[in-house]
Amino acid sequence: MGQEFNPVKLAQEKVSRVLGAGQWAIDATVGNGRDTLFLAQCVGPGGKVWGFDIQEAALAKARLLLQEHGVDKRVELIQANHAAMDNHLPRELKGRIRAVMFNLGYLPGGDKSIITKPAETIKALNSVLSLVAPGGILSVVSYIGHAGGGEEYEAIKKWCASADSNKLGWKCETNSRDHQFKPAPVLFIIEKSLKKASD
Ligand SMILES: C[S@@+](CC[C@H](N)C(=O)[O-])C[C@H]1O[C@@H](n2cnc3c(N)ncnc32)[C@H](O)[C@@H]1O
9 MGQEFNPVKL AQEKVSRVLG AGQWAIDATV GNGRDTLFLA QCVGPGGKVW GFDIQEAALA
69 KARLLLQEHG VDKRVELIQA NHAAMDNHLP RELKGRIRAV MFNLGYLPGG DKSIITKPAE
129 TIKALNSVLS LVAPGGILSV VSYIGHAGGG EEYEAIKKWC ASADSNKLGW KCETNSRDHQ
189 FKPAPVLFII EKSLKKASD
């Protein structure tokens, strides 16, 4: 029997390879805060994490989780659409963020009608391109099972292909498994090369 494919865990595993103490990271979809907590633990007391979610209910839960683990001081939670993240982040972050995580769809245990949307997700991904440091990473977990999820997955697949083919110094990798009974989630990993795009 093969190991069960867990894209959320795999995303954290990949991020943990490049994100370390004192560094900076972004959680573009905070939700219940588990990825935010993971990022905060990776960066340690000298690092910083910026987390976005449009729902106050999500941020309230995440805030509690971060407080319980004593890492809330190193996290800035922002109630805003990630498509507008540029308006909320200090300019000095450009080119200095080591990891950005997106875990798309709806808030588990919350209102399932509030979901990430393809156009906003792509806008956020485009903003992130200028923020990530060489050697940094971007993870995107995309769910196909809910209404609108398939459309969002297709938009990200196309975006990844263009980031890859434009020789912008990005490498995209898609991780998925066939699932017998339901559409399986997909993990996109996008890494920024250490070399300049023109090298
Ligand atoms: C699958 S959950 C995230 C799970 C979370 N990473 C965790 O570890 O618990 C997706 C979240 O994205 C949020 N969301 C939806 N659209 C958004 C947007 N445009 N900008 C920021 N967050 C958004 C939802 O409110 C929801 O909380």
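Each residue of the sequence shown is one higher than the last, beginning at 9 in the working numbering. Ideal Cβ positions, reconstructed from N, Cα and C, are used throughout, including at glycine. Predicted model only: the values in this text are computed from it and were never measured.
Judged by DSSP secondary structure, Pro191 falls outside any alpha helix (DSSP H); it is assigned neither H nor E.
With a minimum length of 3 residues, the unbroken runs of beta strand (DSSP E) contained wholly in the segment 124–158 fall at 140–150. A residue is called buried when at least 16 other Cβ atoms come within 10 angstroms of its Cβ; His90 meets this threshold and is buried. Pairwise C-beta distances place the segment 92–112 in contact with the segment 139–158, as three or more of them are shorter than 8 Å. By the neighbour-count criterion, in which 16 or more other beta carbons inside 10 Å mark a residue as buried, Ala48 falls on the buried side.
Note on the segment 33–112: whole alpha helix (DSSP H) runs with a minimum of 4 residues are 42–51 and 64–76, in chain order.
When the Cα atoms are used, Asp80 and Phe196 turn out to be separated by approximately 28 Å.
Rounded to whole angstroms, Val38 and Cys50 show a C-alpha spacing of 16 Å.
Listed in chain order, the non-local C-beta contacts of Trp58 below 7 Å within the same chain comprise Ile34, Glu84, Ile86 and Leu97, local neighbours out to five positions each way being set aside. For Ser184 and Glu12, the gap between their C-alpha atoms comes out near 11 Å.
Looking at Gln75, Val140 and Gly113, the one whose alpha-carbon comes closest to that of Glu128 is Gly113. Rounded to the nearest angstrom, the Cβ distance from Leu115 to Asn40 is 7 Å, consistent with a contact under 8 Å. Our two residues, Trp178 and Trp167, have alpha carbons roughly 11 Å apart in a direct line. Selection around ligand 1 by beta-carbon proximity, strictly under 5 Å to any non-hydrogen atom, yields Thr37, Gly39, Asn40, Arg42, Asp43, Phe60, Asp61, Ile62, Gln63, Ala66, Asn89, His90, Asn111, Gly113, Leu115, Thr124 and Glu128 in chain order. Per DSSP, Glu181 is one residue of the beta strand (DSSP E) stretching across Trp178 to Asn183. If the five residues before and after Tyr151 are omitted, its C-beta is found closer than 7 Å to the C-beta atoms of Leu112, Gly113, Gly157 and Pro193, all from its own chain and listed in chain order.
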